[in-house]
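Participant: Just so we're aligned, residue 32 is where the sequence shown starts under this note's numbering, counting upward by one.
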Amino acid sequence: MNFLAHLHLADHCRSHLAGNLLADFVRGDPDRQYHREVANGIRLHRFIDSYIDAMPEVLRCRELFGPNTRRVSGIALDITWDHFLARHWSHFHDQPLPTFVNEAQAEVNAYHGEVPEAYRQTMARMWQQQWLLQYQNAATIQTALERMASRRPRLHQLAQCPKEISRHYDDLEQQFFQIYPQIITAADTFRARQTD
């Protein structure tokens with residue numbers, strides 16, 4: 032799952048939105064760096080990432096990728112899942128996507144704790160360029176993966192993934208509707224065990 036799904040799941044679970052976004056930028060024990068509610072958001076994000084990576088359905092989806100791209104297929108699928116979530120947003124949330132994004136942005140930007148510079152820069156680009164709304168368009172998958180490949184040379188194979196995704200688009204879309212409800216349930220269960 033990428034930024035949109037993590038925000039949706041955090042909102043659904045009433046978890047700290049900025050904490051959930053911070054998780055990709057923070058290493059180590061979050062309790063030593065952040066207040067409990069923010070640390071819990073980081074932990075929820077980490078749980079979701081580990082849960083989805085182990086799902087048999089996701090492992091089968093990764094097998095759809097060729098040998099040259101399979102190593103980075105998890106990252107490519109994260110972007111793809113966000114696309115399907117944005118495309119089918121009304122199945123999972125009562126608010127229109129633009130309204131949700133505006134409210135999420137306000138809540139995330141209201142957090143004024145210490146954050147890594149990479150997080151600050153990424154969030155500024157995400158809101159300014161409206162990535163979360165752009166996810167509705169399938170072409171954004173290619174744009175996002177090519178951008179990531181150019182910024183991180185060790186992930187250069189990501190630039191080849193849009194062809195694989197396009198080839199299996201319908202299968203992946205069907206799998207999304209099997210995978211995402213399971214993640215919502217798992218996130219609910221994990222969140223219920225946390226104490227803020």
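In this text, a Cβ means the ideal position worked out from N, Cα and C, and glycines have one as well.
Kindly indicate which residue of LEU189, PHE115 and LEU40 has the alpha-carbon position closest to the one of ARG102.
Facilitator: The residue you call residue 102 lines up with position 71 of the sequence shown. Taking only the C-alpha atoms, the option nearest ARG102 is LEU189.
Participant: PHE115 and GLU204 - do their beta-carbons sit closer together than 8 Å?
Facilitator: Position 173 of the sequence shown holds residue 204. Position 84 of the sequence shown holds residue 115. The answer is yes: Cβ separation under 8 Å.
Participant: Could I get the ranges of all uninterrupted beta strand (DSSP E) runs contained in the stretch 155 to 195, with 3 residues as the minimum, in chain order?
Facilitator: Within the stretch 155 to 195, no complete beta strand (DSSP E) run reaches 3 residues.
Participant: Identify, in the order they occur along the chain, each residue of the same chain with its Cβ nearer than 6 Å to the Cβ of PHE78, setting aside the five sequence neighbours on each side.
Facilitator: Indexing the sequence shown from 1 puts residue 78 at position 47. Residues PHE221 of the same chain have their beta carbon placed closer than 6 Å to that of PHE78, with the five preceding and five following residues left out of the count.
Participant: Which of the three DSSP states is assigned to ASP201 in this structure?
Facilitator: The sequence position of residue 201 within the sequence shown is 170, counting from 1. Of the three classes helix, strand and coil, the one that applies to ASP201 here is helix, per DSSP.
Participant: State the CB to CB distance for the pair GLN213 and MET86, rounded to an integer number of angstroms; the pair is presumed to be in contact (CB under 8 Å).
Facilitator: Against the sequence shown, residue 213 aligns to sequence position 182. Against the sequence shown, residue 86 aligns to sequence position 55. Their Cβ separation, rounded to whole angstroms, is 7 Å, which keeps GLN213 and MET86 in contact under 8 Å.
Participant: Can you list, in chain order, the residues of its chain whose CB lies under 7 Å from that of VAL132, leaving out five sequence neighbours each side?
Facilitator: Mapped onto the sequence shown, residue 132 falls at position 101. The residues are LEU163 and LEU164.
Participant: Which stretch, first to last residue, makes up the alpha helix (DSSP H) that contains GLN64?
Facilitator: In the sequence shown, residue 64 corresponds to position 33, counting from 1. Looking at the DSSP string, GLN64 is not in any alpha helix (DSSP H), and its letter there is neither H nor E.
Participant: Put SER104 into one of helix, strand or coil per three-state DSSP.
Facilitator: Walking along the sequence shown from the start, residue 104 turns up at place 73. When secondary structure is reduced to three states using DSSP, SER104 falls in the helix class.
Participant: Please report the straight-line C-alpha distance between ARG16 and GLN191, rounded to a whole angstrom.
Facilitator: Because the chain here runs from 32 to 227, residue 16 falls outside it and cannot be looked at.
Participant: How is VAL146 classed by DSSP in three states: helix, strand or coil?
Facilitator: Within the sequence shown, the letter at position 115 stands for residue 146. When secondary structure is reduced to three states using DSSP, VAL146 falls in the coil class, being assigned neither helix nor strand.
Participant: Classify PRO61: buried if its beta carbon has 16 or more other beta carbons within 10 angstroms, exposed otherwise.
Facilitator: Taking the first residue of the sequence shown as position 1, residue 61 is located at position 30. Buried: at least 16 other Cβ atoms inside 10 Å.
Participant: From the DSSP output, in three-state form, read off HIS119 for me.
Facilitator: The residue labelled residue 119 in the question sits at position 88 within the sequence shown. Here HIS119 sits in coil by DSSP.
Participant: Measure the Cβ-Cβ separation of ILE83 and LEU53 and say whether it is below 8 Å.
Facilitator: Sequence index remark: in the sequence shown, residue 83 carries index 52 (1-based). Sequence index remark: in the sequence shown, residue 53 carries index 22 (1-based). Contact: no.
Participant: Could you spell out where the alpha helix (DSSP H) holding ARG91 opens and where it closes?
Facilitator: In the sequence shown, residue 91 corresponds to position 60, counting from 1. Residues 87 to 93.
Participant: Measuring straight from C-alpha to C-alpha, what distance separates HIS230 and LEU75?
Facilitator: Only positions 32 to 227 of the chain appear in the structure, and residue 230 is not among them; the question remains open.
Participant: Starting from PHE34, trace the alpha helix (DSSP H) in both directions and tell me its first and last residue.
Facilitator: In the sequence shown, the residue the question calls residue 34 occupies position 3. That run of the alpha helix (DSSP H) goes 34 to 43.
Participant: When you compare each of SER104, GLU88, GLU148 and HIS119 to ASP55 by their alpha carbons, which one comes out closest?
Facilitator: Taking the sequence shown and counting its residues from 1, the one referred to as residue 55 is at position 24. Minimum Cα distance to ASP55 is reached at GLU148.
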